[in-house]
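Participant:
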Amino acid sequence: MTPRWDGLVVGASLATLDGDGYGAIDDGAIAWKNGLIAFVGPRADLPGSPSALAAQVIEATGWITPGLVDCHTHAVFAGDRASEFEMRLEGARYEDIARAGGGILSTVRAVRAADEDALYAQSRPRIEALRRDGVTTLEIKSGYGLDFDNERKMLRVARRFASPALDVRTTYLAAHALPPEFAGRADAYIDAAIDWLPRLHAEGLVDAVDAFCEGIGFSPAQTRRLFERARSLGLPVKLHADQLSDLDGASLAAEFDGLSADHVEHTSEAGVRAMAAAGTVAVLLPGAFHVLRETRLPPIDAFRAHGVPMAIATDCNPGTSPLLSLRQAMQLACTHFRLTPEQALRGATQHAARALGLHDRGVLRTGLRADLAVWDIRHPAELCYWLGGDLLSRAVVAGHPAYTRHVIHPSET
Ligand code: DI6
Ligand code: FE
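The sequence shown lines up with residues 10 to 422 when you count with our numbering.
1) Ignoring anything shorter than 3 residues, give me the beta strand (DSSP E) runs that lie fully in the region 187–273, in order along the chain.
2) For the pair the region 344–362 and the region 34–53, tell me if three or more CB-CB distances fall below 8 Å.
3) CB of D324 to nearest heavy atom of the ligand FE: below 7 Å?
4) Can you tell me whether P419 is buried or exposed, with buried defined as 16 or more other CB within 10 angstroms of its CB?
5) Could you work out which residue in V406, S58, T413, R374 is closest to D385 when comparing CA atoms only?
6) Are three or more beta carbon pairs between the region 58–75 and the region 30–45 nearer than 8 Å?
7) If we count the other Cβ atoms within 10 Å of its Cβ and call it buried at 16 or more, is R108 buried or exposed?
8) Expressed to the nearest angstrom, what Euclidean distance is found between the alpha-carbon atoms of L294 and I203?
9) Would V166 be called buried (16 or more neighbouring beta carbons within 10 Å of its own) or exposed?
10) DSSP on F346, reduced to helix/strand/coil?
11) For the alpha helix (DSSP H) containing V85, list its first residue and its last residue.
12) Between L348, T232, R52, S172, which lies nearest to G267 when the distance is taken from Cα to Cα?
13) Is G366 closer than 8 Å to T323 when the C-beta atoms are compared?
14) For W72, list the residues DSSP reports as bridge partners.
15) What are the start and end residues of the beta strand (DSSP E) that includes L293?
16) Is A297 near the ligand DI6, with its Cβ less than 7 Å from a heavy atom?
17) Closer than 7 Å: is that where the CB of H368 sits relative to any heavy atom of the ligand FE?
18) Under 6 Å Cβ to Cβ from A183, same chain only, skipping five residues before and after it: list those, please.
19) Work out the CA separation of P308 and S277 for me, nearest whole Å.
20) When you compare only the Cα positions, how much space is there between C222 and L235?
21) Using only alpha-carbon positions, find the residue among V144, G243, G111 that is nearest to P327.
22) Give a yes or no on whether the C-beta atoms belonging to L377 and A404 are separated by under 8 Å.
23) Which residue comes first and which comes last in the beta strand (DSSP E) that contains R178?
24) So, with DSSP's three-state summary, where would you put M10?
25) If I follow the unbroken alpha helix (DSSP H) through L392, where does it start and stop?
26) Could you check where the beta strand (DSSP E) with F170 kicks off and where it finishes?
27) Exposed or buried, which one is P350 when buried takes at least 16 other CB atoms within 10 Å?
28) For H368, name the three-state secondary structure that DSSP assigns.
See below:
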């Protein structure tokens with residue numbers, strides 16, 4: 010007789026996040042069939058002995074959470090900007106470095122110079138690091154190509170990271186910075202970015218459209234033109250909104266039923282209300298806040314009061330957030346933004362999935378995707394408590410084994 014389930018994990022506690030709080034189940038069991046969760050509950054409620062129920066039975070310890078979702082990254086890039094880090098430590102400002110042709114444009118030069126294989130090879134260790142700390146769904150943006158061929162190259166490389174062990178979503182961010190060949194002609198550049206979008210979409214390379222709406226980026230009017238094109242193609246939008254100043258980007262994202270408004274440090278009460286009405290998720294990026302040593306906090310209390318879901322992401326990028334662990338972003342969200350560890354975990358799972366328009370994951374519930382992370386911890390708050398470390402013992406993506414830690418003890422070497 011073939012077992013009813015493909016896989017079953019027993020021996021760990023579950024943080025299902027189903028309902029309020031952690032949705033904790035002590036000594037739990039979770040099973041899947043055809044990539045979807047088929048059973049979640051106390052081990053004592055299993056309808057038989059594990060080995061009779063599933064083709065593969067995994068004995069685990071610690072806690073199982075939904076696989077983590079990193080919903081905002083720029084993880085595909087070439088080179089690094091460690092020298093700008095040193096300049097900022099000497100007192101230079103991010104905006105000044107950008108205006109002097111450094112910043113995003115220095116990464117654009119490195120990306121344009123790299124061929125597809127080099128870009129893939131340089132990005133791979135970052136994506137592996139994110140996976141090793143529990144990420145099972147990863148969003149990756151373009152935005153360092155800034156011409157048709159190089160934006161396409163970035164999106165193609167990003168898509169190459171999709172595998173049975175990692176679900177990848179790609180976002181078109183050509184409106185990230187003005188490339189030198191369009192200096193002084195931002196409107197003409199937006200026209201070009203609008204022209205490239207349907208061509209890249211036709212190649213199946215675009216899941217969503219984003220822009221950097223900022224004094225050093227693009228104006229609300231320019232962003233709006235791009236978003237109108239996205240809407241006409243049926244593509245959802247997200248926005249780098251109100252990071253360094255309040256251009257009311259949050260309201261603009263909400264006006265287009267945006268999946269998310271991201272950064273949002275300077276978002277006003279009116280912006281928060283607009284997001285609440287539109288169901289737009291606030292994506293908090295405490296890595297950039299930390300690295301830029303910002304002091305203006307996102308309006309966390311207003312998001313809570315208006316029921317705006319808060320997601321957390323790494324913003325992994327070479328300039329403002331060279332952050333290779335979503336768990337570390339959760340830690341920073343707790344220390345800098347005063348999220349509770351439970352809110353941070355929900356922010357990196359359920360709400361992050363929603364920020365990508367995904368409603369089939371982020372919670373451990375029958376019928377949803379079997380995306381799981383198994384952690385060596387005694388309490389879920391430890392996910393936000395440790396700075397660094399190696400807590401992930403196993404990950405499962407849509408029922409596929411995605412990660413198993415192999416520890417080599419000194420006695421074996
Ligand atoms: N905001 C960010 O945090 C990244 N892009 C953006 O618009 C930073 C990108 C970079 O500095 O390379
Ligand atoms: Fe970003």
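The beta carbon of each residue, even a glycine, is placed where N, CA and C say it ideally should be. Computed from a predicted model, the values in this text were never measured in an experiment.
Facilitator: According to the data block:
1) 217–222, 247–250, 269–272
2) no
3) Here residue 324 refers to the residue found at position 315 of the sequence shown. Yes; taking the cut-off as 7 Å, the Cβ of D324 has a heavy atom of the ligand FE nearer than that.
4) Position 410 of the sequence shown, counted from the first residue, corresponds to residue 419. So P419 ends up on the exposed side.
5) On the sequence shown, position 376 is the one that residue 385 refers to. Closest option to D385, Cα to Cα, is T413.
6) yes
7) For the purposes of this step, residue 108 is identified with residue 99 of the sequence shown, where counting begins at 1. Exposed.
8) Your numbering for residue 294 matches position 285 in the sequence shown. Your numbering for residue 203 matches position 194 in the sequence shown. C-alpha separation (whole angstroms): 27 Å.
9) Mapped onto the sequence shown, residue 166 falls at position 157. Looking at its Cβ environment, which holds 16 or more other Cβ atoms inside 10 Å, V166 is buried.
10) Position 337 of the sequence shown, counted from the first residue, corresponds to residue 346. Helix, per DSSP.
11) Indexing the sequence shown from 1 puts residue 85 at position 76. No alpha helix (DSSP H) contains V85, which DSSP labels as neither H nor E.
12) Locating residue 267 in the sequence shown gives position 258, counting from the first residue. The candidate whose alpha carbon is nearest that of G267 is T232.
13) By one-based count along the sequence shown, residue 323 stands at place 314. By one-based count along the sequence shown, residue 366 stands at place 357. No, they are not a contact pair.
14) Indexing the sequence shown from 1 puts residue 72 at position 63. W72 pairs with S22, W384.
15) Counting from one through the sequence shown, the residue named residue 293 turns up at place 284. L293 -> beta strand (DSSP E) spans 290–293.
16) Mapped onto the sequence shown, residue 297 falls at position 288. Because some heavy atom of the ligand DI6 lies under 7 Å away, the Cβ of A297 counts as near it: yes.
17) Indexing the sequence shown from 1 puts residue 368 at position 359. The answer is no for H368.
18) On the sequence shown, position 174 is the one that residue 183 refers to. Once the five neighbours on either side are set aside, the close Cβ partners of A183 are E160, A202.
19) For the purposes of this step, residue 277 is taken as the residue at position 268 of the sequence shown. For the purposes of this step, residue 308 is taken as the residue at position 299 of the sequence shown. Rounded to whole angstroms, S277 to P308 spans 8 Å at the Cα level.
20) Position 213 of the sequence shown, counted from the start, is the residue given in the question as residue 222. Position 226 of the sequence shown, counted from the start, is the residue given in the question as residue 235. Approximately 11 Å between the Cα atoms of the pair.
21) Sequence index remark: in the sequence shown, residue 327 carries index 318 (1-based). Here the closest residue by C-alpha is G111.
22) Along the sequence shown, one-based indexing puts residue 377 at 368. Along the sequence shown, one-based indexing puts residue 404 at 395. No. Outside cutoff.
23) In the sequence shown, counting from the first residue as 1, residue 178 sits at position 169. Looking at the DSSP string, the run of the beta strand (DSSP E) that includes R178 is 176–184.
24) As a first step, residue 10 must be located in the sequence shown, where it is residue number 1. M10: coil per DSSP, three-state reduction.
25) One-based indexing of the sequence shown puts residue 392 at position 383. From DSSP, the alpha helix (DSSP H) with L392 extends over 391–394.
26) Within the sequence shown, residue 170 is the residue found at index 161, counting from 1. First-last for F170: undefined, no H or E at that position.
27) Numbered from 1 along the sequence shown, position 341 holds the residue referred to as residue 350. By the neighbour-count rule (16 or more Cβ atoms within 10 Å), P350 is buried.
28) The sequence position of residue 368 within the sequence shown is 359, counting from 1. Here H368 sits in coil by DSSP.
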